[in-house]
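Novice: The structure's right below; bear with me while I get my questions together.
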Amino acid sequence: MTEARVLADAPWLTSGPATRVLALLNGDGEEARVVGGAVRNALLKLPVVDVDIATTALPEEVTRRAQAAGIKSVPTGIEHGTVTLVVDKQPFEVTTLREDTETFGRKAKVAFGRDWVRDAERRDFTINGLSVDAEGVVHDYVGGLADIEARRVRFIGNADERIAEDYLRILRFFRIHATYGAGEPDRAGYLACIAGRAGLATLSAERVRMEMLKLMAADGAVASAVAMADGGLLGAIFGGVAYTGPFAAMIKLERLLGLSPDPIRRLGALGVAVTEDARRIAQRLRLTNAETKALDSIGHRWWRLADMDEATAKRRLYRLGEEAYRNRLLLAWARAGGADTPDWRQSATLPQRWSAPKFPLKAADFISRGIAEGPALGHVLTLAEDAWLAADFPLDEAALNNVADQTVSRFTRDHRL
Ligand code: ATP
Ligand code: MG
Numbered sequence: 035m036t037e038a039r040v041l042a043d044a045p046w047l048t049s050g051p052a053t054r055v056l057a058l059l060n061g062d063g064e065e066a067r068v069v070g071g072a073v074r075n076a077l078l079k080l081p082v083v084d085v086d087i088a089t090t091a092l093p094e095e096v097t098r099r100a101q102a103a104g105i106k107s108v109p110t111g112i113e114h115g116t117v118t119l120v121v122d123k124q125p126f127e128v129t130t131l132r133e134d135t136e137t138f139g140r141k142a143k144v145a146f147g148r149d150w151v152r153d154a155e156r157r158d159f160t161i162n163g164l165s166v167d168a169e170g171v172v173h174d175y176v177g178g179l180a181d182i183e184a185r186r187v188r189f190i191g192n193a194d195e196r197i198a199e200d201y202l203r204i205l206r207f208f209r210i211h212a213t214y215g216a217g218e219p220d221r222a223g224y225l226a227c228i229a230g231r232a233g234l235a236t237l238s239a240e241r242v243r244m245e246m247l248k249l250m251a252a253d254g255a256v257a258s259a260v261a262m263a264d265g266g267l268l269g270a271i272f273g274g275v276a277y278t279g280p281f282a283a284m285i286k287l288e289r290l291l292g293l294s295p296d297p298i299r300r301l302g303a304l305g306v307a308v309t310e311d312a313r314r315i316a317q318r319l320r321l322t323n324a325e326t327k328a329l330d331s332i333g334h335r336w337w338r339l340a341d342m343d344e345a346t347a348k349r350r351l352y353r354l355g356e357e358a359y360r361n362r363l364l365l366a367w368a369r370a371g372g373a374d375t376p377d378w379r380q381s382a383t384l385p386q387r388w389s390a391p392k393f394p395l396k397a398a399d400f401i402s403r404g405i406a407e408g409p410a411l412g413h414v415l416t417l418a419e420d421a422w423l424a425a426d427f428p429l430d431e432a433a434l435n436n437v438a439d440q441t442v443s444r445f446t447r448d449h450r451l
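One point on numbering: in our numbering, the residue at position 247 of the sequence shown is 281, and numbering is uninterrupted.
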């Protein structure tokens, strides 16, 4: 199934630091090629981000050549045969060709090899199994070029077996399809993912988190999430319900408002109706503290951001701050169906039209009115802030004096001071 094709318009390959790394590693009986995602992206005319390189040379030889050429080398994954070379501040992961001898879940027993075909065959999907040499010739041993053409994400070899070797490939299947695929997910792959779903429980939370967050941000996230939910996979990951309707609506609304994709906000739409959902998902995916906080905030009483008049919306925005206001509002809107109506739009665009002023009254304003420092002062300030919000954020002196006077008289009356 070998097919030759030359990569055109690939300046990242034919000039610049990648060229230097390939030149360094080629020759004297060794060969190096660019592999994996960079080749796939170049063929799909998508930005090439990380350039991963595979070579027949052993890691010691890679290091030796780098040192001789004055190129920085870091043994970033020496147990897998990976050395990172840094050229013009750009890192290149250089990995010696490998062959799987045995696999136990993610812990494959790997031996170094010199066979490009076997290196391709141990990769996950055909579109990820291509390599390109320094001349730009694409080497395809797995039918990847045809699948790039069809935008089809297909396991290399037998899908059930490949999944049993590493259950993360289930999540990668949906994520890579959502990012690079088109149409329905490949049927054989999809069915194998469903059949193998119990294996997801064996994965580390960190690996699941990474894949799920990348999936959330993908252009085709909705179709993949629906397929996963239908196959019983999201329930297994979340340990709860997946809300694919609100998820689809959320992505539609982000686009409608010109917002960039926010993985945590999207995760909130997909998995969170109540704060208990947020806590469970944060724990299961071992989200970072900041991510956990954001997910929790989205799920906290989001329904209060529905059906607001402008004055109420302003008070909520003042209390919540822009980010929490926007995220909760979007969840409320998505959960209401996401229809583009003037009322929702009005609430959603409030942060662009209006910034909440700072509460202008100070402790001194109340001390001068006879309130003693201490708990009473704190209480009065809170009451005054409420009154100021209820009066629609006035800033002129007369109105502020009025708020202060009335708050103090109410407080002294209520507390019989
Ligand atoms: P992206 O960089 O867009 O996330 P990628 O395909 O480059 O996608 P990486 O995680 O960077 O993903 O992996 C690089 C390459 O390593 C892949 O293209 C694939 O060939 C191979 N690979 C990664 N993870 C696995 C896996 N779990 N099983 C088999 N091969 C894998
Ligand atoms: Mg990559």
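Just so it is clear, CB atoms sit at the ideal spot from N, CA and C, and this is done for glycine as well.
Ordered along the chain, which non-local residues of its own chain (more than five positions away) have a Cβ less than 7 Å from that of valine 414?
Specialist: Phe400, Ile405, Thr441, Val442 and Phe445, listed in sequence order.
Novice: Going by alpha carbons, who is nearest to leucine 47 out of Gly177, Asp343, Met284 and Arg67?
Specialist: Per the Cα distances, Arg67.
Novice: Taking all protein chains shown into account, decide if arginine 335 is buried (16 or more other Cβ within 10 angstroms of its Cβ) or exposed.
Specialist: Exposed, by the Cβ-count rule.
Novice: Hey, could you find the ends of the alpha helix (DSSP H) phenylalanine 189 is sitting in?
Specialist: From DSSP, phenylalanine 189 is part of no alpha helix (DSSP H); its letter is neither H nor E.
Novice: Please list the terminal residues of the continuous beta strand (DSSP E) segment that includes lysine 106.
Specialist: Here the beta strand (DSSP E) through lysine 106 covers 106-111.
Novice: Whose CB is closer than 5 Å to a heavy atom of ligand 2? List the residues in chain order.
Specialist: That query returns the following residues: Gly71 and Asp84.
Novice: For alanine 178, which residues in the same chain have their Cβ closer than 7 Å to its Cβ, ignoring the five residues on either side in sequence?
Specialist: It is glycine, not alanine, that sits at residue 178 in the sequence shown. Counting only Cβ-Cβ distances below 7 Å, and skipping sequence neighbours, we find Thr160, Ile161, Gly163 and Leu164.
Novice: Under DSSP, the alpha helix (DSSP H) around proline 391 begins and ends at which residues?
Specialist: No alpha helix (DSSP H) holds proline 391; DSSP gives it neither H nor E.
Novice: Short check: CB of tyrosine 224 to CB of alanine 261, under 8 Å?
Specialist: Their beta carbons are under 8 Å apart, which means tyrosine 224 touches alanine 261 by this criterion.
Novice: Between the alpha carbons of isoleucine 112 and lysine 106, how many angstroms are there, rounded?
Specialist: Answer to the nearest angstrom: the Cα atoms are 15 Å apart.
Novice: What is the rounded straight-line gap between the Cα of aspartate 264 and the Cα of phenylalanine 272?
Specialist: Between aspartate 264 and phenylalanine 272, the C-alpha separation is close to 14 Å.
Novice: Relative to the C-alpha of aspartate 194, which candidate in Arg450, Ala57, Cys227 and Arg206 has its C-alpha closest?
Specialist: Closest by alpha carbon: Cys227.
Novice: With a threshold of 8 Å between beta-carbons, can isoleucine 87 be considered close to chain B, or not?
Specialist: Among the protein chains of the structure shown there is no chain B, as only one such chain exists.
Novice: Assign glycine 371 to buried or exposed, taking buried as 16 or more other Cβ atoms, counted over all protein chains shown, within 10 Å of its Cβ.
Specialist: Exposed, by the Cβ-count rule.
Novice: Rank Val73, Asn361, Lys79 and Leu58 by C-alpha distance to the C-alpha of threonine 97 and give the top, closest one.
Specialist: Minimum Cα distance to threonine 97 is reached at Leu58.
Novice: Are the beta-carbon atoms belonging to valine 69 and aspartate 86 less than 8 Å from one another?
Specialist: Closer than 8 Å, so yes.
Novice: Among the candidates Met250, Glu218, Glu199 and His211, whose CA atom is the shortest distance from the CA of arginine 231?
Specialist: Cα-wise, what sits closest to arginine 231 is Glu199.
Novice: Look up arginine 148 in the DSSP assignment and say whether it is helix, strand or coil.
Specialist: Residue state, collapsed to three classes: coil.
Novice: Going by CA-CA distance only, name the one from Val128, Arg152 and Thr326 that's closest to threonine 135.
Specialist: If we check each option's Cα against that of threonine 135, Arg152 comes out closest.
Novice: Could you check if leucine 131 belongs to the surroundings of ligand 1, using beta carbon to heavy atom distance under 7 Å?
Specialist: False, no ligand heavy atom lies under 7 Å from that Cβ.
Novice: Under a three-way DSSP split, which group does leucine 119 fall into?
Specialist: Note: leucine 119 maps to strand in three-state DSSP.
Novice: Please return the same chain residues whose Cβ sits closer than 7 Å to the Cβ of aspartate 181, not counting the five positions on each side in sequence.
Specialist: So the list reads Thr160, Ile161 and Arg188, once near-sequence residues are dropped.
Novice: For my contact list, alanine 358 and leucine 291 are in at a C-beta cut-off of 8 Å; report their separation, rounded to the angstrom.
Specialist: At roughly 16 Å, the Cβ-Cβ gap does not stay under 8 Å, so alanine 358 and leucine 291 are not in contact.
Novice: Excluding the five sequence neighbours on either side, which residues of its own chain have a C-beta within less than 8 Å of the C-beta of aspartate 149, listed in chain order?
Specialist: Taken in chain order, the residues that qualify are Leu131 and Glu133.
Novice: I'd like to confirm the pairing. Which residues does DSSP put opposite glycine 61 in its beta bridges?
Specialist: Glu64, per the DSSP bridge assignment.
Novice: Enumerate, from N- to C-terminal direction, the unbroken beta strand (DSSP E) stretches of 3 or more residues contained entirely within the segment 320-375.
Specialist: Segments of the beta strand (DSSP E) lying fully in the segment 320-375: there are none.
Novice: At the level of alpha carbons, what is the spacing between valine 306 and leucine 411?
Specialist: If you take the alpha carbons of valine 306 and leucine 411, they lie about 39 Å apart.
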